[in-house]
Amino acid sequence: MHVNRLSPLLVAAVALPLLAGCSGSGTASGIKLLEQPATGANALPPGGNATGFQPGSARFAARVDGLSYYVARALAPDGLDAADAGVCLVVPEEGMTVCGLVAPVTATFPGHTAMVVPDVFDPTGFIGDGWNQAHRNVLIRSDSAAK
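Under numbering that gives the first Met the number 0, think of the first position of the sequence shown as 0, with each following residue one higher.
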């Protein structure tokens with residue numbers, strides 16, 4: 000069954016960033032893109048209403064089929080260091096922000112599913128399962144590829 004084949008991959012994807020954190024990857028999230036300085040290219044498009052992430056932390060990753068995909072730092076709850084708050088996938092045209100403590104973070108919206116993955120993630124098994132690597136840290140699958 001499709002779910003059984005994908006489940007071990009997801010377990011491995013969750014374990015990898017935890018192991019990477021022990022190896023001194025240099026970033027709390029395992030995503031070096033978030034450590035890059037902000038530039039004009041990282042500005043969210045006008046009219047987007049995505050919220051729920053640390054202001055100024057969004058970094059542009061890819062544009063696919065008219066949608067922009069950004070990786071950002073999650074808002075830090077009281078008592079948690081901002082660098083350890085987690086990561087978000089931001090799709091401003093959809094007004095969508097989905098965050099998680101560790102990557103992968105997956106968002107499903109009409110027509111597509113997108114996933115933020117850490118730098119150490121090997122997408123080979125996912126690409127063979129209908130996912131496309133739009134950026135080192137962003138995988139995208141259309142609903143038609145999921146069937």
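Even glycine gets a Cβ: it sits at the ideal position worked out from N, Cα and C. It should be emphasised that the depicted structure is a prediction, and the values quoted were computed from it without experimental measurement.
C-alpha distance - residue i paired with residue j, whole-angstrom precision
i    : j    : result
T107 : A113 : 6 Å
G85  : T123 : 24 Å
S28  : A71  : 10 Å
L104 : H111 : Looking at the sequence itself, residue 104 is Val, so the reference to Leu does not match. Near 14 Å, if we compare the C-alpha coordinates of H111 and V104.
P45  : A61  : 17 Å
L32  : F59  : 9 Å
G20  : D128 : Annotation note: pLDDT 40 at G20 (below 50); position unreliable, no value reported.
Which of helix, strand or coil DSSP assigns to residue i
i    : result
G155 : Any question about residue 155 goes unanswered here, given that the chain covers just 0 to 146.
I30  : coil
G110 : coil
T50  : coil
N41  : helix
F125 : helix
S56  : coil
Of the listed residues the options, nearest to residue i (C-alpha basis)
i    : options              : result
L43  : V104, R135, T96      : T96
S143 : A49, D118, P109      : P109
P54  : D121, A61, A37, A102 : A37
N48  : P76, P91, H134       : P91
C87  : G51, A61, F120, P76  : G51
N131 : L32, D64, F59        : D64
Expected contact under 8 Å - CB spacing of residue i and residue j to nearest Å
i    : j    : result
L74  : E93  : With a Cβ gap of about 19 Å, L74 and E93 do not count as contacting.
N30  : D118 : It should be noted that the sequence gives Ile, not Asn, for residue 30. Indeed, because the Cβ distance is near 6 Å, the residues count as touching under 8 Å.
I126 : A133 : I126 to A133, Cβ: 11 Å. No contact.
Neighbourhood of residue i by C-beta, 6 Å cutoff - its chain only, sequence neighbours within 5 removed
i    : result
L100 : G85
C98  : A73, G85, C87
7 Å CB neighbourhood of residue i in its chain, flanking five on each side removed
i    : result
A57  : N41, L43, Y69, A71, V89
V115 : V70, V86, L88, A102, P103, V104, N136, V137
G141 : The sequence as given places Ser at residue 141; Gly does not occur at that position. Correct list, in chain order: G110, H111.
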